[in-house]
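Residue numbers (our numbering), protein chains in the order written: chain F, 1 to 419; chain B, 420 to 922.
The beta-carbon is built from N, C-alpha and C at its ideal position, and this holds for glycine as well.
A short worksheet on the structure shown next.
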Amino acid sequence: MYRKITALLLILPLLLTGCWDRQELNDQAIVLGWGMDLEKEGVYLATANLVLPLASKSGGQQGGEQGGRSGFMTESAYGKNNRDAEQNMQRKLSRVIFPGHRRNIFIGEKLAEHGVFSILDEYGRSPMVRPRTNIFVVKEGTAQDAMSLAYQLETNPAIAVQKIQEKSGAPISRSLLDFFIMANGTGCGIMPALKIVPPEVKMDKKSKNDSPPQTTLSLYGAAIFNSRLKLAGYLNHNEYWVRLWITDQLTGWNFTTIVNAIDADQPGGAAADALSGATSSQAVTVNVDTFKSQITPVFDGELPRFRIRLQGKGYIEENDSPLNLSKTENIEKVEARMNVYLEERVREVVKKVQKDFKSDIFGLGDMLHQFHPYRWKKLAADWETVFPDIELDIKVKLNLTGTGVTGESLLPDSEGGDK
Amino acid sequence: MEQQTRFSKSEEPEMLSSDLAFNIERMQLEFLNCSDVLYRHCSIGGINRATLIHVDGMCNVQAVDEFVLQPLIEHFRSSSRVDEVREVELKEVFIPSIKISIVYETQKVIKAILRGETAIFTEGNAFVMLADLVKMEQRSIEEATSEKVVRGPRDAFIESLRTNTSLLRRRIRSSKLKLECMTLGRLTETEIVIGYMEGIVKEELVKEVRKRLQTIELDGIIHSSNIEEYIEDNMFSPFPQVQNTERPDVAVSSLLEGKVIIITDNTPFVLVLPMTYWSGLQAVDDYTDRFIYATFVRWIRYTFVHVSLLLPSLYVALTTYHLQVIPTPLVVSIASAREGVPLPAVIEALIMEFIFEGLREAGIRLPQQVGPAVSIAGALVIGQAVVAAGIISTPMVIIVSLTGIASFAFPVYNLGTAYRMLRFPLLLVSGVLGFYGIVLFLIVLSVHMVTLEPFGVPYMSPYAPMTIRNLNDVLVRAPKSKMRWLQPWLAQSGAARFPKRKK
Numbered sequence: 001m002y003r004k005i006t007a008l009l010l011i012l013p014l015l016l017t018g019c020w021d022r023q024e025l026n027d028q029a030i031v032l033g034w035g036m037d038l039e040k041e042g043v044y045l046a047t048a049n050l051v052l053p054l055a056s057k058s059g060g061q062q063g064g065e066q067g068g069r070s071g072f073m074t075e076s077a078y079g080k081n082n083r084d085a086e087q088n089m090q091r092k093l094s095r096v097i098f099p100g101h102r103r104n105i106f107i108g109e110k111l112a113e114h115g116v117f118s119i120l121d122e123y124g125r126s127p128m129v130r131p132r133t134n135i136f137v138v139k140e141g142t143a144q145d146a147m148s149l150a151y152q153l154e155t156n157p158a159i160a161v162q163k164i165q166e167k168s169g170a171p172i173s174r175s176l177l178d179f180f181i182m183a184n185g186t187g188c189g190i191m192p193a194l195k196i197v198p199p200e201v202k203m204d205k206k207s208k209n210d211s212p213p214q215t216t217l218s219l220y221g222a223a224i225f226n227s228r229l230k231l232a233g234y235l236n237h238n239e240y241w242v243r244l245w246i247t248d249q250l251t252g253w254n255f256t257t258i259v260n261a262i263d264a265d266q267p268g269g270a271a272a273d274a275l276s277g278a279t280s281s282q283a284v285t286v287n288v289d290t291f292k293s294q295i296t297p298v299f300d301g302e303l304p305r306f307r308i309r310l311q312g313k314g315y316i317e318e319n320d321s322p323l324n325l326s327k328t329e330n331i332e333k334v335e336a337r338m339n340v341y342l343e344e345r346v347r348e349v350v351k352k353v354q355k356d357f358k359s360d361i362f363g364l365g366d367m368l369h370q371f372h373p374y375r376w377k378k379l380a381a382d383w384e385t386v387f388p389d390i391e392l393d394i395k396v397k398l399n400l401t402g403t404g405v406t407g408e409s410l411l412p413d414s415e416g417g418d419k
Numbered sequence: 420m421e422q423q424t425r426f427s428k429s430e431e432p433e434m435l436s437s438d439l440a441f442n443i444e445r446m447q448l449e450f451l452n453c454s455d456v457l458y459r460h461c462s463i464g465g466i467n468r469a470t471l472i473h474v475d476g477m478c479n480v481q482a483v484d485e486f487v488l489q490p491l492i493e494h495f496r497s498s499s500r501v502d503e504v505r506e507v508e509l510k511e512v513f514i515p516s517i518k519i520s521i522v523y524e525t526q527k528v529i530k531a532i533l534r535g536e537t538a539i540f541t542e543g544n545a546f547v548m549l550a551d552l553v554k555m556e557q558r559s560i561e562e563a564t565s566e567k568v569v570r571g572p573r574d575a576f577i578e579s580l581r582t583n584t585s586l587l588r589r590r591i592r593s594s595k596l597k598l599e600c601m602t603l604g605r606l607t608e609t610e611i612v613i614g615y616m617e618g619i620v621k622e623e624l625v626k627e628v629r630k631r632l633q634t635i636e637l638d639g640i641i642h643s644s645n646i647e648e649y650i651e652d653n654m655f656s657p658f659p660q661v662q663n664t665e666r667p668d669v670a671v672s673s674l675l676e677g678k679v680i681i682i683t684d685n686t687p688f689v690l691v692l693p694m695t696y697w698s699g700l701q702a703v704d705d706y707t708d709r710f711i712y713a714t715f716v717r718w719i720r721y722t723f724v725h726v727s728l729l730l731p732s733l734y735v736a737l738t739t740y741h742l743q744v745i746p747t748p749l750v751v752s753i754a755s756a757r758e759g760v761p762l763p764a765v766i767e768a769l770i771m772e773f774i775f776e777g778l779r780e781a782g783i784r785l786p787q788q789v790g791p792a793v794s795i796a797g798a799l800v801i802g803q804a805v806v807a808a809g810i811i812s813t814p815m816v817i818i819v820s821l822t823g824i825a826s827f828a829f830p831v832y833n834l835g836t837a838y839r840m841l842r843f844p845l846l847l848v849s850g851v852l853g854f855y856g857i858v859l860f861l862i863v864l865s866v867h868m869v870t871l872e873p874f875g876v877p878y879m880s881p882y883a884p885m886t887i888r889n890l891n892d893v894l895v896r897a898p899k900s901k902m903r904w905l906q907p908w909l910a911q912s913g914a915a916r917f918p919k920r921k922k
């Protein structure tokens, strides 16, 4: 009897203390994206991308949006920081803001230039927020611009940019985490950058059902932050793979270059011929899916030098030159041409980062720290000033293992060359 | 009634008289108003020389006529003596093929008559000859209805005790199979048989079973479940501690594992004890299918077992407390499905589970003519209209029907009922405390399950406490040639299914 009473008394407090944070699903406003813009010093404009469950429902059942309602809504509010703005926003919302699915954070260019230090704290502190979050800088625009734009392929622009990012060859959904890690390492930071782009060619709708390309969101490249976490500049799409490759994060990329076809295809010609004067050149595209990077710091004197060896493995996806790819020596020619081209590109971008941005986004400082911890201690404080003048020895070596389903082109070659 | 008890409790047993008329009167008093008791007198020349008493419908009347009545009459006709018939003579009268016994006590005669034997009272003898010509109406052996198999024997136990024992005996042709007889129930005098394999079973287990059965003091044993409730260790546990089966092959394999079975007359369900949790999850098909497939199916079953317990509570906890755990696209689609639903998820789940259980309960006892009506109402009204009306959300209907299907994946029905019942408190707890509550509940449940020890055998054995060499019939179903060792908790120590093979 006493045992039963004791058991009951032990059970009852559970009901009193348990997590009484029960919140029905239909009383929550699910936030998929969160944007921050700088209005003026100390005043931020927060924008939230909320799921509209009703619209998704009709969309799911009948295919397409019903009655012109899109699957999301945006709401905005001013505030002194994230939480303050969120509270101000809550006054306009009938449901509790639920940030547990906030996978995408947008930062306006103005705020990025002003510096992101002051607003990033909440993203790491709040227990509701996932560490695997994308953070984007909106180039030449505000977060609100990017978030209000309807995206055609997905119901929600926040989901759309997340998916675009996933296809970009960079690590998936960890740009916020990586930003925090980098900021604590070499002190600078990098974030993917978005841009609102108009269609390449403007076209009018001729009939109601036409669907010409529209202004849409696009992944521009990467935004680079200096050690004060202010925007230093951008690397465009064709530049930021360099950073990914050097830091060993690239998962797939297509490289296209022009090959000097005529000289290269001479019978008995050497691989180097592919590089000589481009009298008649055509493009060759190579898809590389395995990347390797090896960075070795070498000390000659006081300052280190870095040996960077980039390796890749891929196959030829497109060959518009008259090169006969069924011959091994021709593939070697493409390899040689590619290596030279890629090395040139890498050097260019590295130089741009060193001279223009002065931010060690390649993690060279971290490498130094790992290889020579004591020397790094001396250098760490001045790294920002030392980095732009560091000597880099870059070598790229591609290994092409395939030519697709055909070797020789299926079309007859009318421009000459060896068959 | 009072008289009867007085007779049975008197110290000296009441003996029969040598006066036939007195004896018959005594019997008529005993069977007053028992219209099914027949008296057949053999009057020769106006004098009653012998009387046969048997219960109508419980003996083979034709055989009684042919082997008892006719020889008697012929004997009396041919015999010149009128006064008395000697015992030896009488015995000679009947062809020796009938089982005949001689009884002197009144109570024994009464019991024998009630068992269906034919009592032969003769003039001048203070004893009764009992002819065992019992033949009762019984149904033929049919296919098991509650435990279906794809491949395996089709026969099932029936209500007749001896038929059931014969089903066992013809599977185990060994004198090691012991079938001890006992009579239980003050009024019903139900025969039960305790079966076990000598040399495999632990002696203490048989002793314990005997002891517990002897303590049963009931007026009647109507089903084997009456016994089950009496001998269970923990009667307040939701988990069954005695398995029941209507399949002789299950009973036989249990016997060979060292378990004890109890066959009850008039019940087609044989009790197998002690039950362990894992034996409740092993189906006959596991052993008739190839072992790889059997292992696969067993894992599906384990999954569904947990689905039947956890799915509704997990859904409620996830959607009301832990939204961030669900993948984003799923959360959006659940949110849109729940849009406009007026009830909280817990209440929604409780209502739907309740309705499902009601449908199931109604379905068991449906007369065949109204069956379609209920299934139409159940499937259409509950399944569709409720969602169309926006009272219950679609995911909830999916969850409940999945849970419903899963709860029928249990090979042993009464283990399934335990889980079905536990679903409701778990649902409440998850609605109040979320994952925290579910985990608390599961901890309490696990503690309870490992502390259960029906007949001294741990309920979760061989998993907890673990005997590694027996796990090959728990997590997987190993080929028969690899399952050498019997469970040490059940069988005598060192008992193996086959001797060690020579290399």
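query                                                                                                                                                                                      : result
Please classify F:Asp-37 as buried or exposed, where buried requires at least 16 neighbouring CB atoms within 10 angstroms.                                                                : buried
Are F:Val-31 and F:Ala-46 closer than 7 angstroms when you measure CB to CB?                                                                                                               : no
What in chain A is Cβ-close to F:Met-128, meaning under 8 angstroms?                                                                                                                       : Included in the structure are the protein chains F and B, with no chain A among them.
For F:Ala-193 versus F:Val-137, is the C-beta distance shorter than 7 angstroms?                                                                                                           : yes
Give me whichever residues DSSP pairs with F:Gly-314 in a beta bridge.                                                                                                                     : F:Val-288, F:Leu-400
Is F:Leu-32 near the ligand PLP - that is, is its Cβ less than 6 angstroms away from at least one heavy atom of it?                                                                        : In the structure shown, the ligand PLP is absent, as is every other ligand, since no ligand is present at all.
What does B:Arg-740 reach in chain F if we use C-beta pairs closer than 8 angstroms?                                                                                                       : The sequence given here places Tyr at residue 740 of chain B; Arg does not occur at that position. Correct list: Cys-19, Asp-21, Arg-22, Gln-23.
For a contact defined as C-beta to C-beta under 9 angstroms, what are the partners of F:Leu-32 on chain B?                                                                                 : Thr-747, Val-751
For the stretch 466 to 480 of chain B and the stretch 562 to 577 of chain B, state whether three or more C-beta atom pairs, one from each stretch, are separated by less than 8 angstroms. : no
So, helix, strand or coil for F:Trp-383, using DSSP?                                                                                                                                       : helix
Note down, in chain order, each residue of its chain lying with its Cβ closer than 6 angstroms to the Cβ of F:Ser-227, except the 5 sequence neighbours on either side.                    : Gly-187, Cys-188, Glu-384
Are the CB atoms of F:Leu-250 and F:Phe-306 within a distance shorter than 7 angstroms?                                                                                                    : no
Could you tell me which chain B residues have their CB closer than 9 angstroms to the CB of F:Gln-28, listed as they occur along the chain?                                                : Leu-742, Ala-754
Given that a residue counts as buried once 16 or more other Cβ atoms are within 10 Å of its Cβ, and exposed if not, what is F:Gly-404?                                                     : exposed
List the endpoints of the continuous beta strand (DSSP E) containing F:Tyr-123.                                                                                                            : First-last for F:Tyr-123: 117 to 125, but that is the alpha helix (DSSP H), not the beta strand (DSSP E).
Looking at C-alpha atoms only, which residue of B:Glu-772, B:Ser-585, B:Pro-659, B:Ile-719 is the closest neighbour of B:Phe-874?                                                          : B:Pro-659
If I'm right that F:Val-51 touches F:Phe-72 with Cβ under 8 angstroms, what's the distance once you round it to whole angstroms?                                                           : 6 angstroms
On the criterion of 16 or more Cβ atoms from any shown chain inside 10 Å, does B:Leu-799 qualify as buried, or is it exposed?                                                              : exposed
Would you mind reading off the limits of the beta strand (DSSP E) that contains F:Phe-98?                                                                                                  : 96 to 98
Per DSSP, which residues does B:Tyr-458 bridge with? Please list them.                                                                                                                     : B:Ile-472
So the beta strand (DSSP E) B:Ile-378 belongs to, where does it begin and stop?                                                                                                            : It is not possible to answer for residue 378 of chain B, since the shown part of chain B is limited to 420 through 922.
Quick one: residues in its chain with C-beta nearer than 7 angstroms to the C-beta of F:Asp-27, no 5 flanking neighbours on either side, listed in chain order?                            : Arg-95, Val-96
Taking DSSP as the reference, what is the three-state secondary structure of B:Ile-719?                                                                                                    : helix
Look at the Cβ atom of F:Ser-218, then the Cβ atom of F:Lys-195, and state whether they are nearer than 7 angstroms.                                                                       : yes
Is any beta-carbon of chain B found at less than 7 angstroms from that of F:His-101?                                                                                                       : yes
Would you verify that the beta carbon of B:Glu-758 is, or is not, closer than 7 angstroms to some beta carbon of chain F?                                                                  : yes
Could you work out which residue in B:Met-771, B:Ala-796, B:Ile-770, B:Val-893 is closest to B:Gly-782 when comparing CA atoms only?                                                       : B:Ala-796
For B:Lys-554, which residues of its own chain have a beta-carbon under 7 angstroms away from its beta-carbon, when the five flanking residues on both sides are left out?                 : Cys-478, Asn-479
Can you tell which of F:Lys-230, F:Asn-330, F:Arg-103, F:Ser-359 has the C-alpha that lies nearest to the C-alpha of F:Ser-409?                                                            : F:Asn-330
Return no unless some Cβ of chain F is closer than 7 angstroms to the Cβ of B:Pro-657.                                                                                                     : no
So the candidates are F:Ala-77, F:Thr-257, F:His-237; which of them puts its Cα closest to the Cα of F:Leu-342?                                                                            : F:Thr-257
Short of 6 angstroms in beta carbon distance, which residues of its chain neighbour B:Asp-704, apart from the five on each side in sequence? Order them along the chain.                   : Val-568, Val-569
Going along the stretch 839 to 858 of chain B in order, which residues come within less than 8 angstroms of chain F, judged by CB to CB distance?                                          : Gly-850, Val-851, Leu-852, Gly-853, Tyr-855, Gly-856
What do you get for F:Lys-419, buried or exposed, if any count of 16 or more other CB atoms within 10 angstroms of its CB means buried?                                                    : Since pLDDT at F:Lys-419 reaches only 43, below the 50 mark, its modelled position is unreliable, and the value read off the structure follows with that caveat. By the 10 Å Cβ count, F:Lys-419 comes out exposed.
So within the stretch 653 to 729 of chain B, which uninterrupted beta strand (DSSP E) runs reach at least 3 residues, ignoring any that extend past its ends?                              : 662 to 664, 679 to 683, 689 to 692
Reducing DSSP to helix, strand and coil, say where F:Gln-282 ends up.                                                                                                                      : strand
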